[in-house]
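Only one structure is covered here, and it is reproduced in the block below.
Number of protein chains: 2
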Amino acid sequence: MARIGSGTRFVLVAGTTETATRDGISAAGADPELMPVTPAADAEILTYGGPVRTDVIPVSPSGCPTPALVTRAVREVLGMDVTVVDGGLAEATGAPTVTVGARPGKDIAEQDPVSTAHGAFAAARQFGQSLPADELWLGETIPGGTTTALGVLRALGEDVMVSSSLPENPTARKADLVAEGLAASSMDPGDAAGEPKRALRRMGDPVLATMAGLTAGAVETDTAVTLAGGSQCVAVAALVRHGGYEGTLGLATTSYVADDDSADLRESADRLDLDLTVTDPGFDEGDHVAMERFVAGEAKEGVGMGGALALADRAGVPMAEVRDRFAELYDDRIGALE
Amino acid sequence: MARIGSGTRFVLVAGTTETATRDGISAAGADPELMPVTPAADAEILTYGGPVRTDVIPVSPSGCPTPALVTRAVREVLGMDVTVVDGGLAEATGAPTVTVGARPGKDIAEQDPVSTAHGAFAAARQFGQSLPADELWLGETIPGGTTTALGVLRALGEDVMVSSSLPENPTARKADLVAEGLAASSMDPGDAAGEPKRALRRMGDPVLATMAGLTAGAVETDTAVTLAGGSQCVAVAALVRHGGYEGTLGLATTSYVADDDSADLRESADRLDLDLTVTDPGFDEGDHVAMERFVAGEAKEGVGMGGALALADRAGVPMAEVRDRFAELYDDRIGALE
């Protein structure tokens, strides 16, 4: 039963950056070797409810399940259609994807880590212009994405800190890596101010390029955009603002990101003039193993989780219903394997 | 509102063959130059209700709209999810697609027209094995597809005639072209009996290869398969039978194909031991310009139209409801442009 209007379209951008393979950067995948698979698996989980080609449900080293299961739970509860865009996948996914020419990103310490950034931005922008929707909700899945988000923010000269999928945000490590990347691109912080595509290509990742293009295209044709996520969405918003767009832009995230003291999401949203929606899934009331790691501060966001929760809330769905479905999915897909 | 079980999955395979560019072979596209665009547009219409990247709604030279609008109407009425597989698209589509490595097919008079046939079959088979569904309904869109279907049937040694999207089936022209193709591949009719992949590669197209692979994989994992269409689906069934599968296989088509005297669909279904479902959309009662050309014998099938109608019928949806929605879509998308 659809409990959501047909004018609302939820888009997931899934891709990769080799930046994720650096030690201690991301919690997206129990094993570093599985990280390139995570976005392909997330796309399948959101689309089908479980893995198809990837044969894996991403789980962090400490056992936190992918937020894809939460977004999938909302999708099922709302009867919500989703569209997945290939933002540089490194592994084949069984989920149908829209192609914008994005290829996997390289480590930002390399000189030209996102050679497809301009092309992907342009194709995504055109797609965003033509996609029929009254409102677009954009989520992402890319391990290592908060580090490239920091890279883009520094390149643009935006002095904000990003959040992390790890309970302890490795802020120093990220800052070092971004400094290394800026040096490799012969850039100082702020050198790409007003030049979003340059920031994307030198310090970003293909998912950020695709999301920024989608957002730019959609708002040009009066489609309302809500960025569904945390730090990466702040980076996308900064890119679009540096591209000259001054209109309305939404940011919907979880209470876990909003309450992360190591970042400063509320301040960033304020500075970038974003309409912020924070939704608490109430996992502390859930009393379920699938929710414990979220309550402990892991994952926090991803696969548009914050946006999905906001859509459920807007539709009047009690969070308990979302939690129940999430717990069922977890028990079916992960609990059964243990 | 979903009026269809979650275990039912509708898959559209969309692709191209250069065989379609021969004069008088296909009605799929008002202009021969638009034929490579038709499958990309059909995928968008089924997914979004209208064109996104392609900017065109396929219409035959005499004004018959693409059956994609009918299948889309059923999709909306039933709240039915669809998955599009790229079976060799020649133009970018805005619809999300699953990749199996199929590339556009060449003219069957060339020596190796479907070089990706083996790879696409294998990847589609694997996908068919892993796709979560109780039953799979498989439709196709490929201009020129009945001619390549005839090519495959001849290569396998199956003596049946195929139907046509044109009111007057150009049977002699098709037979000549198939004879030319067999000669180019140094084959006699029946030379590929029991060798479906050889028949596909030498005389088929990438959509047939993908559909045959999907079917083979799905039935291996006990997913019931209904081929949703006319002559091309007969060819897919023949390929799967020649591959050794003797179990249950469904064929769901429109009354227009079943009543086409130039082909012999009922006899073919009988010979290949297919469970045949024929559904009449009642377009003669519709009294609408969108339906007139169908009643006159044009298009007949495509984009899984016969299967979609069968699903609507099974769900207890009156055909008048499907017709009304189809007429609305036509008026919105085509009528408004006239």
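Residue numbers (our numbering), protein chains in the order written: chain X, 672 to 1009; chain U, 672 to 1009. Just so it is clear, CB atoms sit at the ideal spot from N, CA and C, and this is done for glycine as well.
Contact check, residue i vs residue j, beta carbons under 9 Å
{"i": "X/ASP876", "j": "X/GLY815", "result": "yes"}
{"i": "U/THR819", "j": "U/THR737", "result": "no"}
{"i": "X/GLY678", "j": "X/ASP805", "result": "yes"}
{"i": "U/MET874", "j": "U/VAL849", "result": "yes"}
{"i": "U/TRP808", "j": "U/ARG680", "result": "yes"}
{"i": "U/SER801", "j": "X/VAL723", "result": "yes"}
{"i": "U/ALA691", "j": "U/ASP713", "result": "no"}
{"i": "X/GLY750", "j": "X/ALA773", "result": "no"}
{"i": "X/ARG994", "j": "X/CYS735", "result": "no"}
{"i": "U/ALA826", "j": "U/GLY884", "result": "no"}
{"i": "U/GLY765", "j": "U/GLU747", "result": "no"}
{"i": "X/ARG1043", "j": "X/ILE728", "result": "Here chain X has residues from 672 to 1009 only, and residue 1043 of chain X is not among them."}
{"i": "X/VAL949", "j": "X/THR925", "result": "yes"}
{"i": "X/LEU945", "j": "X/GLY915", "result": "no"}
{"i": "U/GLY978", "j": "U/GLY810", "result": "yes"}
{"i": "U/ASP931", "j": "U/SER786", "result": "no"}
Nearest to residue i (by Cα), restricted to the options the options
{"i": "U/GLU992", "options": "U/SER733, U/GLY676, U/ALA744", "result": "U/ALA744"}
{"i": "U/THR812", "options": "U/ARG912, U/PRO784, U/SER902", "result": "U/SER902"}
{"i": "U/PHE954", "options": "U/ARG937, U/GLY734, U/TYR927, U/ALA979", "result": "U/TYR927"}
{"i": "U/ALA795", "options": "U/GLY676, U/ALA934, U/LYS868", "result": "U/LYS868"}
{"i": "U/GLY771", "options": "U/ALA791, U/VAL890, U/PRO707, U/MET706", "result": "It should be pointed out that residue 771 of chain U corresponds to Val in this sequence rather than to Gly. The shortest C-alpha separation from U/VAL771 is found at U/ALA791."}
{"i": "X/GLY822", "options": "X/LEU947, X/MET858, X/GLY810", "result": "X/MET858"}
{"i": "U/LEU943", "options": "U/ASP951, U/GLU969, U/LEU898", "result": "U/LEU898"}
{"i": "X/PRO784", "options": "X/ARG872, X/GLU956, X/VAL966, X/ASP951", "result": "X/ARG872"}
Three-state secondary structure (DSSP) of residue i
{"i": "U/GLU762", "result": "coil"}
{"i": "U/ALA940", "result": "helix"}
{"i": "U/ASP757", "result": "strand"}
{"i": "X/GLY776", "result": "strand"}
{"i": "U/LEU740", "result": "helix"}
{"i": "U/VAL785", "result": "coil"}
{"i": "U/MET672", "result": "Here the model assigns U/MET672 a pLDDT of 43, short of 50, so the residue's position is not dependable and the matter cannot be decided."}
{"i": "U/LEU922", "result": "strand"}
{"i": "U/VAL771", "result": "coil"}
{"i": "U/VAL730", "result": "strand"}
{"i": "U/THR688", "result": "strand"}
{"i": "X/GLU963", "result": "helix"}
{"i": "U/LEU821", "result": "helix"}
{"i": "X/ARG746", "result": "helix"}
{"i": "X/ASP752", "result": "coil"}
{"i": "X/GLU829", "result": "coil"}
{"i": "X/VAL928", "result": "helix"}
{"i": "U/VAL849", "result": "helix"}
Start and end residues, alpha helix (DSSP H) containing residue i
{"i": "U/ASP946", "result": "Note, U/ASP946: premise wrong, no alpha helix (DSSP H); beta strand (DSSP E) at 946 to 950."}
{"i": "X/GLU999", "result": "990 to 1004"}
{"i": "U/ALA793", "result": "788 to 801"}
{"i": "X/ALA864", "result": "Careful: X/ALA864 lies outside any alpha helix (DSSP H) and carries neither H nor E."}
{"i": "X/VAL878", "result": "877 to 891"}
{"i": "X/LEU717", "result": "709 to 719"}
{"i": "U/SER902", "result": "902 to 913"}
{"i": "X/LEU837", "result": "Neither: X/LEU837 is in no alpha helix (DSSP H) and is coded neither H nor E."}
Spatial distance of residue i from residue j (CA atoms)
{"i": "X/MET832", "j": "U/LEU1000", "result": "49 Å"}
{"i": "U/VAL905", "j": "X/LEU683", "result": "37 Å"}
{"i": "U/ALA909", "j": "U/GLU829", "result": "8 Å"}
{"i": "U/MET672", "j": "X/ARG674", "result": "Its pLDDT being 43, under 50, U/MET672 is placed unreliably by the model, and the measurement read from it follows with that caveat. Looking at the two C-alpha atoms, the distance is approximately 8 Å."}
{"i": "U/GLY975", "j": "U/LEU717", "result": "10 Å"}
{"i": "U/GLY799", "j": "U/LEU740", "result": "26 Å"}
{"i": "U/VAL669", "j": "U/ALA887", "result": "For residue 669 of chain U there is no data in the structure shown, the boundaries of chain U being 672 and 1009."}
{"i": "X/SER856", "j": "X/GLU781", "result": "8 Å"}
{"i": "U/ILE696", "j": "U/LYS845", "result": "7 Å"}
{"i": "X/ALA870", "j": "X/ALA761", "result": "22 Å"}
{"i": "X/ALA923", "j": "U/ASP694", "result": "54 Å"}
{"i": "X/SER933", "j": "X/PRO838", "result": "10 Å"}
{"i": "U/LYS777", "j": "U/PRO860", "result": "20 Å"}
{"i": "X/THR892", "j": "X/ALA981", "result": "24 Å"}
{"i": "U/ALA998", "j": "U/LEU879", "result": "30 Å"}
{"i": "U/THR725", "j": "U/VAL755", "result": "16 Å"}
{"i": "X/ARG985", "j": "U/ALA863", "result": "59 Å"}
{"i": "U/GLY676", "j": "U/ASP752", "result": "10 Å"}
{"i": "X/VAL988", "j": "U/ASP941", "result": "51 Å"}
First and last residue of the uninterrupted beta strand (DSSP E) at residue i
{"i": "U/LEU809", "result": "806 to 812"}
{"i": "X/LEU683", "result": "679 to 685"}
{"i": "U/ALA970", "result": "That residue, U/ALA970, is in no beta strand (DSSP E); it is neither H nor E in DSSP."}
{"i": "X/VAL896", "result": "895 to 899"}
heavy atom of the ligand FMN below 8 Å from residue i C-beta
{"i": "X/ASP702", "result": "The model on display carries no ligand, and the ligand FMN is accordingly not part of it."}
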